[in-house]
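Trainee: Structure below; questions to follow.
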Amino acid sequence: MPVGLQHLREIDLPNTGDLEDGYADAVDIVAIHGLNENSITAWIEPESGVLWLRDLIPLQVPKARILSFGYEASPSFFDDERIVEKIQSLATTLVADLEGDRSLENCERRPIIFVCHGLGGVVVKKALAHSASSTSSLVAHLNDIFISTFAILFFGTPHDNINITKWLLLESLAPSRVSSRRFIRHSQPTPKVKLLNLETVTNQFAPLMKKFHTSFFWEGMPTDFSEYVDFLVDQHSAAPSIYDAPKCAIVGANHSQMIKLTELSPSYRTVLSALKRYCRMAPKTIFHRWKEADNAIARVRLNEAHELTDFRFNLLDKVMDLSIGEPSQDEPRNQHFFTRMLHSDNYIGRTAASKRIRDAFLSTNISFSMQGQKRFVVYGIAGSGKSQLCTNFAYNNQESYWAVFTIDATSVRLAAESYSAIGKVGGLEGTESSGKYFLSQAREPWLLIIDNADSPDIDLPKLLPPGNRGHILVTTRNRDFRDFGNLGSIELGGLEKEEALHLLLRSARISTPWDISIETAGNEITKTLGYLALAVKQAGTAISQKLCELTEYLRFYQYYRKKRQRGSAGSNKIPVEIGSSGQQADIYTAFDLSFEYLERKQTVESQDAIEILNIVSFYHFRNIRVDIFERALKNRQASTAPSTLREAIARRLQPPHLLPRFLRDVADTEPLYVKAVLRELYMCSLINYEEGDKSFYLHPLVHTWARDRIHPNQRKLWAHLALNILMESVTLPSDRDREIDTQPLREMIPHLDECFAASPVKIELFSSRLGRLGILGANLILPTMSYILRGQALTAAKCGYIYAQSGRFGQSAHLLSMVKDLTVQTLGYNNGTTQKAMLFLADVLWGLGQLKSCITVQSQVVEARRKRFGASHRDTVQAMAKLGHSFWLNGQYAESLRVLEETAKTSNEALGPEDPDTLIALDHLGVTLGSWRRYEESKTLHERVLKARKHILGEANLETLTTMNNLAMALLDLGQREEARQMMHQVYEMRKEKLGKEHPYTLWALCYLSKANIELWNLEEAENMLVGGIAAGKRSLGDEHLGVLMGCGELARVYARQGRLQEAEELTLGTLRKVKESRGSEHYDFIYGMWKLGQLYEQQDKLDSALDAYRTAFENTKSRLTHEHPFSKQIKARIASLEGR
C-alpha cells in the first residue's frame, strides 16, 4: 500500500516570481483516501481503469498538479479509543509532507484544493487545524498550508462519529464476498454499534470552517455486507445541515464507488463543476491572502521576533481574523463586539483603574498565545461604575481583540444563555458547553466580560471557560471573588478628587474654563457626596436643570437630607445595593433633588413623569418597553370611544378604573406623548434608553430609591396600578386571531412577576358561599359588583394568557381556574363566556399534561354546546376537536378515533373542506390514525392539511408548524427517516425562534427530532438533544409532565442502542414508575414503556423478566387501548413466541 505523498500529475510552468501572472493560475489538488483504501486504487474506476483526478480533471483544468496522500487505512488500526491521537499523527505528517514537497517545487504559495474521501476528510480537518496553530517563528513554514488552502470537497466524510463495526466487518469479508450490486435489499438486523467519537476534531475545525469553500457529497447507495445492506456514512453525518455549503448525493454509487468516477458517471459533471469553479476562483483570493499575511508577519517578527505569535489574514469573501498582531490599515481586527451596555463618550474618571486593567491585559512584552488565561476582577458597591468601566475598556481596546463577548451573570440561567449565543457565533450548537469550548479552542485574542456576578447562587469558577486562553474581566459586588483574579483586582469606590470634579461640572453643563470659585464650590459638593459617581452625576443633572445654582447645591442637599432623615426615622431598612447608611443618604438625597425638580415644574408632562416613575418601580428594572404605555393608551382610547346609549349607561355604573392620569384623560392624547413624558425622566438621569428609544431601564439604585420613596401604605396601590397598565396594553385574542406575536408578551413576564410579588391578583368572591343566585341578588342591590368581578376576572384571564404564551402553564392554570369558577357561579355552564373560559383553561391543562381534568372540562363544554347550538355548529365542532385530541394524548385511542371521525365529517359538510376548523379536525384525526398504525391514511391527511395551511396561513405559522410536526412523524413511521428528520429540524428551529428555546411546544419538537435521529442512528446527537431538553422541561414543567417522561423514554432508547443496557433499564424503570403514578397503568405510554422494557430484558437474555413485562403490558391494554388495537396484537404475538421456546 503506497504511503506518503504520491505525484499523480506534474505541471511545467515557468516561475517568473510574479504571483499575478500565469504562474498564479496553477493549483495543487490533493487527494486523501478513506478506510480500506490506498492512495491510487481508491480513485480508479475498475472497469475502465480511469483515475479521474489524473486522467479527466486536467482536460478541464490544465494548470492543476495532482497529488495523493496515502496512509495505513486498516479499520482495525483505528479501532481504538485513541483514534483522535492517531488522526493527529496522520494530520501532522500530511502537513509536513505537503509543505516539504511544495517548498522543493518552489510553489509554497500555490492554492490548494483538498479532495477527501471518508476518514481522509477528518485527517484534512485535523491537518488544517494543526497548520493554523503553527505560527511561531520556528514552525511558521507549516502555516503555509493553512494560508494556501482555498477549498475542500468532502466525499462521504463522517463529521460526528464513525461506526467502526461496519468497517471491521467490511475488512473481514474477502473481496469476492463483497458485492458490487447496485440495488437495495431489505435490511437485516445489523451488528451492535460501536461508535468512535469525532466531536473533538469537528469542534476544533468549526471556527476555521468559514475560511474555506466546501462541498459535501454523500453516498447514493448502501454498501452490501453480504448478510445485509446499509450506508457506511449516512447523509446527515456526511452533509451536516448546520453547514451552509453545496450538498449533493453521488447518484448510484455506494461509499467505495462514489470516488471512482468516469465521464459517464451520473454525478461526475456536478463534481467537475465544483472543482473547476474552485480552481478558477482560488488564485486571486490566495494571492491577496498571502499579501496580507506577509504584512502581518513582517510587523510581528519586527516587534516580537522572540515570541510565539499569530498573524492575521482574511478571506475576501469569508472574513474571520486569526491574529494578535497589529491590524492592517484597510481591515479592522475586531469581528465580534457584544456588550450589555453602550460605550459612553461622556465617561469621566477611573483613569488609573483603566490603565491598570490595560497594563494587566495588554502588556507589550507578552504574546497572547503565551500568556495563559488572564483574569481581572473589578469589585465594589453598586453604582460605582464597574460595568461601564469594563464596557469602555472593551470599546477603547477592541482592535486588540478579535472578539469581545459578555456573560450576563445576573443568574445562572442567563449566564448559560450568554454562552449559548457565543457557541452559535463559533458555528457550533447553541449550548453552554459549546460556547465555552469555542472560547477554549479559539487562537484569536478574545475578551470576555462576566458582568454582575453578584448572586449568591453564582459559582464563579463554573462560569469560566476551560483552557489557558483569553482575557476575562469580572464585575461583582462580592469582595470574595477578587481571589479569582490571577492578574489582580481593583475595588471601585469613590472617584478621584479631580475626576469627580470633572464629572460634576460636565454633568452640570458648566462651560470651561472654570475659575477658582467654581472649582472650590464643585470640590465641596463632590467631597460631601463621598466622590460617589452616581451621586455626583445626579447632582450635576440637578444643577443643569436649574433646580439650583452650583453654589446653592449644598444648601439644598442638606435640606433634603434632613428631610429624608426625619421621614425615615425609626426605619432600619437599607437596600442591599448600598454598602452603608452614609452612602445610602448621599445617593438617595441626590435623587431627591432631581425628583424635586420634577415636582416644582408643575407641568402636565412632569406630573405624568412622576406617576410613571412610581409605576416602573414595580416593574423589573431592565428592558421596559415604551410600547407598553403606547399600546395601553391606544387600547384605552378604543375602549372609551363614543358608543351606544346602552354602553354609555353601563359605563356610568362601572367603578373608577385605577389608572395614571394620562390613561384616564385619553381623548386627545397622541401616542408620541408617552415619549415626551419619558424624556422628563431621561433629562433628570432617572432612566436610560436601550435599543435606541424602544425600551429603557433604571439603574438598580434608582429603581430601589423610586420604590422606597413611596409610602409603605401606598405601595400596594401603585403595584396594582402598574399591573393595570400591563393589562391595558394586552388584548385577549378573538376566534379570528389565528396567530399573534408573542415576543412582547414574553418580555412582559419579568414585570408581571414583580407586580404579582407586590400585589397578587385575586377574585374576591370567586369562592363565595352565596352561590349563583346569591351573587345575582347582590348585583340588584349593588349593581357595580358585577363590574368589579368582571374587571378582576379580565385581569386574571389576561395574566393567565400571558403566562400561557410564555409556557408557564402552572401560573396560568391557577389564574384561569379562578376565572372559570367565577363565570360558572355568575353566568352558568351554558353561557358562551363561561365556555370560552373553560376551553382556555382546558388548553392550559392540556399543556400541563393534566389530561383527566382537561377531558372533564372539555366534555362539559361539548355537552353544553350540543344542547345549545347542535352538533354542526362551529362552536360545537371546535370543542369536539379539542376533546378528541385530548383523548388521543391520554391514550384513549378508540374514543379519540370515534370523536374525531365524527367531527371531521361534520365540519367538512357544514363548514367546508378548507375551513380552519375543518383543518384542525383533520389534522387531529391524522394523528389518531397514526396511533392505529394506519400510517398511509395519516400521511395523506397531514399532507392535505399542510398544503391548505401553507396557502392560507403561510409556512411559518404555528398551526402550519404543528401539521409539519405531525407529517414528519407519519413519514418516520413509514420509514422515510431523513425526510422526517429534516422536516422536524425545520419545525424545531422555527418554534424556537417564535416561542422561545424552553417553551413546552419547542421542547416537544426537540423530542420528536431526537426520535428521528435515533432512527438514523445519530445517537450522540439524539442523546445531547434529550439531555438538554429533559433538563429544560423539568425546569418549566416539572418532573411528572408527560413530555418530560416521553423524553426520558426516548433517552432510554438511545442508551439501549448504544449498548448501555444497564443505564437504559434503570432509566426505563424510573420513568415507568412516574408514568404509572401520573397517568395510570392503562395509559399507552406505560404500555409502550413495558414493551420496551421487555425488549431490554431480551437483549440481556432475561427471558422470564421479558415475559413478565410483556404480560403486564398486554393486561393493561384492555380498557383504553383495547385488545383490537394492532399494538395489543403485537404484544400478544410476542408473548406467544417466547412461551413457545
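Numbering of the sequence shown is given in my numbering, commencing with residue 42 and proceeding in unit increments.
Heads up, the beta-carbon is just placed ideally off N, CA and C, and yes, glycines get one too.
Give the range of the alpha helix (DSSP H) segment to which residue 291 is assigned.
Mentor: As a position in the sequence shown, residue 291 is number 250, starting the count at 1. From DSSP, residue 291 is part of no alpha helix (DSSP H) but of the beta strand (DSSP E) over 288-291.
Trainee: Is the region 128-148 close to the region 83-97, with three or more CB pairs under 8 Å?
Mentor: Judged by Cβ distances under 8 Å, the region 128-148 makes no contact with the region 83-97, as fewer than three pairs qualify.
Trainee: Can you tell me whether DSSP reads residue 663 as helix, strand or coil?
Mentor: Position 622 of the sequence shown, counted from the first residue, corresponds to residue 663. Residue 663: coil per DSSP, three-state reduction.
Trainee: If you drop the 5 nearest sequence neighbours on each side, which residues of the same chain put their C-beta closer than 7 Å to that of residue 331?
Mentor: Start at 1 with the first residue of the sequence shown, and residue 331 comes out as number 290. So the list reads 150, 188, once near-sequence residues are dropped.
Trainee: When the distance is taken between beta carbons, is residue 420 closer than 8 Å to residue 530?
Mentor: In the sequence shown, residue 530 corresponds to position 489, counting from 1. In the sequence shown, residue 420 corresponds to position 379, counting from 1. Contact flag set, yes.
Trainee: Please work out which residues of its chain come closer than 7 Å, Cβ to Cβ, to residue 950, disregarding the five sequence neighbours upstream and downstream, and give them in chain order.
Mentor: Counted from its first residue, the sequence shown places residue 950 at position 909. Cβ neighbours of residue 950 beyond the five flanking positions: none.
Trainee: If distances are taken between C-alpha atoms only, which option among 1040, 1012, 580 comes closest to residue 1075?
Mentor: Position 1034 of the sequence shown, counting from 1, holds the residue named residue 1075. Of 1040, 1012, 580, the residue nearest in Cα terms is 1040.
Trainee: Starting from residue 274 and walking both ways along the alpha helix (DSSP H), at which residues does that stretch end?
Mentor: Start at 1 with the first residue of the sequence shown, and residue 274 comes out as number 233. Run containing residue 274: none; DSSP gives neither H nor E here.
Trainee: Just to confirm, are residue 27 and residue 1158 a CB contact at a threshold of 8 Å?
Mentor: Only positions 42 to 1182 of the chain appear in this structure, which leaves residue 27 out of reach.
Trainee: Could you tell me if residue 158 is buried or exposed, where buried requires 16 or more neighbouring beta carbons within 10 angstroms of its beta carbon?
Mentor: Numbered from 1 along the sequence shown, position 117 holds the residue referred to as residue 158. So residue 158 counts as buried.
Trainee: Alpha helix (DSSP H) containing residue 266: first to last residue?
Mentor: Sequence index remark: in the sequence shown, residue 266 carries index 225 (1-based). Counting along the chain, residue 266 falls outside any alpha helix (DSSP H), and DSSP gives it neither H nor E.
Trainee: How about residue 840 and residue 659: do their beta carbons lie closer than 8 Å?
Mentor: The count along the sequence shown starts at 1 and reaches residue 840 at position 799. The count along the sequence shown starts at 1 and reaches residue 659 at position 618. Result no, Cβ atoms of residue 840 and residue 659 do not sit closer than 8 Å.
Trainee: Is it true that the CB of residue 450 sits closer than 8 Å to the CB of residue 492?
Mentor: Counting from one through the sequence shown, the residue named residue 492 turns up at place 451. Counting from one through the sequence shown, the residue named residue 450 turns up at place 409. Cβ distance < 8 Å, so residue 492 and residue 450 count as in contact.
Trainee: What does the alpha-carbon distance come out to for the pair residue 478 and residue 536?
Mentor: The residue you call residue 478 lines up with position 437 of the sequence shown. The residue you call residue 536 lines up with position 495 of the sequence shown. Their backbone Cα atoms lie some 38 Å apart in a straight line.
Trainee: Please report the straight-line C-alpha distance between residue 872 and residue 676, rounded to a whole angstrom.
Mentor: On the sequence shown, position 831 is the one that residue 872 refers to. On the sequence shown, position 635 is the one that residue 676 refers to. Using only the alpha carbons, I get a separation of about 26 Å.
Trainee: Please specify which runs of the alpha helix (DSSP H), each continuous and at least 4 residues long, are wholly inside the region 525-588, giving them in chain order.
Mentor: Listed in chain order, the complete alpha helix (DSSP H) runs (minimum 4 residues) inside the region 525-588 are 538-548, 557-569, 574-585.
Trainee: Starting from residue 91, follow its DSSP beta bridges and name the residues at the other end.
Mentor: Working through the sequence shown from its first residue, we reach residue 91 at position 50. 86.
Trainee: What residue ranges within the region 1020-1089 form continuous alpha helix (DSSP H) runs of no fewer than 4 residues, ordered along the chain?
Mentor: Whole alpha helix (DSSP H) segments, 4+ residues: 1041-1056, 1060-1078.
Trainee: Count the CB pairs spanning the region 450-459 and the region 1029-1037 that are closer than 8 Å, and state whether there are at least three.
Mentor: Counting Cβ pairs under 8 Å, fewer than three are found: no touch.
Trainee: Whose CA, out of 542, 481, 1000, 113, lies closest to the CA of residue 512?
Mentor: The residue given as residue 512 occupies position 471 in the sequence shown. When only C-alpha atoms are compared, the closest one is 481.
Trainee: Have a look at 918, 70, 1142 and flag the residue whose alpha-carbon is nearest the alpha-carbon of residue 194.
Mentor: As a working mapping, residue 194 is identified with position 153 in the sequence shown. Comparing Cα positions, the closest option is 70.
Trainee: Between the alpha carbons of residue 417 and residue 1065, how many angstroms are there, rounded?
Mentor: Counting from one through the sequence shown, the residue named residue 417 turns up at place 376. Counting from one through the sequence shown, the residue named residue 1065 turns up at place 1024. Their backbone Cα atoms lie some 33 Å apart in a straight line.
Trainee: Using the three-state DSSP reduction, which class does residue 974 fall into: helix, strand or coil?
Mentor: Locating residue 974 in the sequence shown gives position 933, where the first residue counts as 1. Of the three classes helix, strand and coil, the one that applies to residue 974 here is coil, per DSSP.
Trainee: Taking the continuous beta strand (DSSP E) assigned at residue 109, which residues delimit it?
Mentor: Translated into the one-based positions of the sequence shown, residue 109 becomes position 68. Element bounds for residue 109: 105-111.
Trainee: Looking at the unbroken alpha helix (DSSP H) that takes in residue 490, where does it start and where does it end?
Mentor: To locate residue 490, count along the sequence shown from 1; it is residue 449. Residue 490 -> not in any alpha helix (DSSP H); beta strand (DSSP E) instead, spanning 487-492.
Trainee: I need the straight-line Cα distance from residue 182 to residue 135, nearest angstrom please.
Mentor: Position 141 of the sequence shown, counted from the first residue, corresponds to residue 182. Position 94 of the sequence shown, counted from the first residue, corresponds to residue 135. So the two alpha carbons sit approximately 14 Å from each other.
Trainee: Measure the alpha-carbon distance for residue 1095 versus residue 277 and round it to whole angstroms.
Mentor: The count along the sequence shown starts at 1 and reaches residue 1095 at position 1054. The count along the sequence shown starts at 1 and reaches residue 277 at position 236. Approximately 17 Å between the Cα atoms of the pair.
Trainee: Start and end of the beta strand (DSSP E) containing residue 256?
Mentor: In the sequence shown, the residue the question calls residue 256 occupies position 215. Element bounds for residue 256: 254-260.
Trainee: Could you tell me which of 1111, 281, 304, 261 sits nearest to residue 298, measuring between CA atoms?
Mentor: Here residue 298 is taken as the residue at index 257 of the sequence shown, counted from 1. Considering only alpha carbons, the answer is 261.
Trainee: Secondary structure at residue 323, three-state DSSP: helix, strand or coil?
Mentor: As a working mapping, residue 323 is identified with position 282 in the sequence shown. Here residue 323 sits in helix by DSSP.
Trainee: Among 842, 426, 180, 1071, which residue has its Cα nearest to the Cα of residue 772?
Mentor: In the sequence shown, the residue the question calls residue 772 occupies position 731. Checking every option, the nearest Cα to that of residue 772 belongs to 842.
Trainee: Can you tell me where the alpha helix (DSSP H) with residue 420 in it begins and where it stops?
Mentor: Counted from its first residue, the sequence shown places residue 420 at position 379. First-last for residue 420: 415-421, but that is the beta strand (DSSP E), not the alpha helix (DSSP H).
Trainee: Opposite residue 45 in the DSSP bridges: which residues?
Mentor: Counting from 1 along the sequence shown, the entry for residue 45 is found at position 4. According to DSSP, residue 45 bridges with 111.
Trainee: Bridge partners for residue 158 per DSSP, in chain order?
Mentor: Along the sequence shown, one-based indexing puts residue 158 at 117. Beta-bridge pairing links residue 158 to 196.
Trainee: Quick one: using the 10 Å Cβ neighbour count with 16 as the cut-off for buried, is residue 1116 buried or exposed?
Mentor: As a working note, residue 1116 is residue 1075 in the sequence shown. When all chains shown are included, residue 1116 counts as buried.
Trainee: Using the beta-carbon count (16 or more within 10 Å), is residue 1178 buried or exposed?
Mentor: Walking along the sequence shown from the start, residue 1178 turns up at place 1137. Classification of residue 1178: exposed, given that the 10 Å Cβ count is below 16.
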